[in-house]
Amino acid sequence: MSRYKRILLKLSGESLQGKQGYGLDPQMLASYAAQIKAVADSGVQVGIVIGGGNIFRGLSGVGKGFDRVRGDQMGMLATVINSLALQSAIENAGGKACVLTSIPMGPVGAGIYSKFRAVELMNDGYTVIIGGGTGNPFFTTDTASALRGVEIEADVLLKGTRVNGVYTADPEKDPSAVKYDTVTFAEAIEKRLKVMDLTAFTLCMENGLPIFVFDMDTPGNLEKVAAGDDRALAGIG
Ligand code: UDP
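Just so you know, we're using the UniProt record's numbering here: the sequence shown kicks off at 1 and counts up by one.
Written as structure tokens, this is what we have:
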């Protein structure tokens, strides 16, 4: 029996690029899709928010001819591209998935995101991928995942990354970084832990949505986490 009824999974766009350094790596997509399908098959309802950093980040356009707002709009559209790619990968793996967008996009996806539509689709057995971030510039997909997680009444926000928990510093950059077992929101905010941005932390804290950070690149981890096995994880809550 799974511990969670409904999860919000946050995936970074960057992780979808695999080793190629840009764009979409079909092997990464297939690996993620297989893991997501396994969790959905175990009876857990899955909502997903994906980043867009493998294609475009708003801040990176500043000084290169793109105003911040336009750059952020480009970034939000990049998350829709990633969402459609993940939908295809889940379908190829034999799962049921659909994309709702925070920005109206006509026939792209299954419609505009609303809590009602997302929950309805999850109750019908679909994994629901929410593309387009929050729909607003100056936000991130971390904040979008916190917002959608709270909205859809997810039991937990699972942040899939390349590292297996929350560290005092970025372990890929700082070898002296130490892993936390658990961290309170207040501590995460005070220490400016970079695992999520402050807006995302605050939203989760104020609404009691716990966050778990785990290594999504090790196949099988998502299943363990979704089943409530939080060994080798670090939670914030
Ligand atoms: N973005 C935005 N509003 C949102 C979510 C995302 O403007 O609500 C834009 C922003 O420019 C960001 C880009 O989309 O840089 C990609 O998202 P993010 O950086 O969160 O992706 P990740 O780093 O997780 O791949």
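Here a beta-carbon is modelled for each residue, glycine too, at the ideal position from N, C-alpha and C.
Remember, it's a predicted structure, so these values are computed and weren't measured experimentally.
Within 6 Å: the Cβ of residue i and any heavy atom of ligand 2?
i	result
Arg-192	Ligand 2 is absent from the structure shown, which contains only ligand 1.
Just verifying my parser: in three-state terms, what is the DSSP assignment at residue i?
i	result
Ala-144	helix
Arg-3	coil
Ala-227	coil
Thr-202	helix
Arg-192	coil
Lys-37	helix
Pro-26	helix
Asn-221	helix
Gly-63	coil
Asn-136	coil
Asp-174	coil
Glu-187	helix
Ile-152	coil
Arg-117	helix
Arg-68	helix
Identify the residues that DSSP records as bridge partners of residue i: which are they?
i	result
Ala-97	Thr-127
Gly-21	Answer is none; Gly-21 lacks a bridge partner.
Leu-11	Ile-50, Gly-160
Gln-45	Arg-6
Ile-112	Thr-101
Ile-167	Note on residue identity: the sequence assigns Tyr, not Ile, to residue 167. Tyr-167 pairs with Lys-179.
Could you give the distance in angstroms between the alpha-carbon of residue i and the alpha-carbon of residue j?
i	j	result
Pro-26	Leu-100	22 Å
Lys-5	Tyr-126	14 Å
Val-46	Ile-7	5 Å
Gly-65	Thr-141	23 Å
Gly-13	Phe-138	17 Å
Leu-118	Ile-152	It is Ala, not Leu, that sits at residue 118 in the sequence shown. Looking at the two C-alpha atoms, the distance is approximately 7 Å.
Asn-92	Glu-190	43 Å
Gly-228	Gly-63	45 Å
Asp-67	Ser-60	10 Å
Phe-56	Met-74	7 Å
Val-183	Gln-20	34 Å
Asp-170	Ala-186	19 Å
Leu-24	Met-105	22 Å
Asp-124	Glu-172	40 Å
Once the 5 residues before and after residue i are set aside, which same chain residues still bring their CB inside 6 Å of it?
i	result
Lys-10	Val-49, Ser-145, Lys-159
Leu-233	Residue confidence is low: Leu-233 scores 47 on pLDDT, short of 50, so the model does not pin down where it sits. No coordinate-derived value is stated.
Asp-217	Arg-162
residue 324	Past the boundaries of the shown model lies residue 324; the chain is included only from 1 to 237, so the question cannot be answered.
Asp-174	none
Take residue i and list the residues in its own chain whose beta-carbon comes closer than 8 Å to its own, dropping the five residues that flank it on each side.
i	result
Ser-102	Met-76, Ile-112, Tyr-113, Ile-130, Gly-131, Gly-132, Gly-133, Thr-134, Gly-135, Ala-144
Val-150	Leu-203, Cys-204, Asn-207, Leu-209
Val-108	Val-80, Leu-84, Val-99, Thr-101
Asp-197	Thr-140, Asp-142, Thr-143
Leu-121	Cys-98, Leu-100, Ala-110, Val-128
Ala-30	Ala-89, Asn-92, Ala-93
Pro-219	Ser-31, Ala-34, Gln-35
Excluding the 5 residues preceding and the 5 following residue i in the sequence, name in chain order all residues of the same chain whose CB lies nearer than 7 Å to its CB.
i	result
Val-39	Val-46, Leu-222, Glu-223, Ala-226
residue 242	This structure gives no information on residue 242, because the portion of the chain shown stretches from 1 to 237.
Compute the beta-carbon to beta-carbon distance between residue i and residue j, rounded to the nearest angstrom, for a pair I have assumed lies under 8 Å.
i	j	result
Gly-58	Gly-71	4 Å
Ala-154	Thr-168	That pair is no contact at about 27 Å.
Gln-87	Ala-78	That pair is no contact at about 15 Å.
Gly-43	Met-28	Rounded, the Cβ-Cβ distance is 25 Å, inconsistent with contact.
With 7 Å set as the bound, which would you pick, yes or no: does the beta-carbon of residue i sit closer than that to a beta-carbon of chain D?
i	result
Val-80	Within the model displayed, chain D is absent; a lone protein chain is all it includes.
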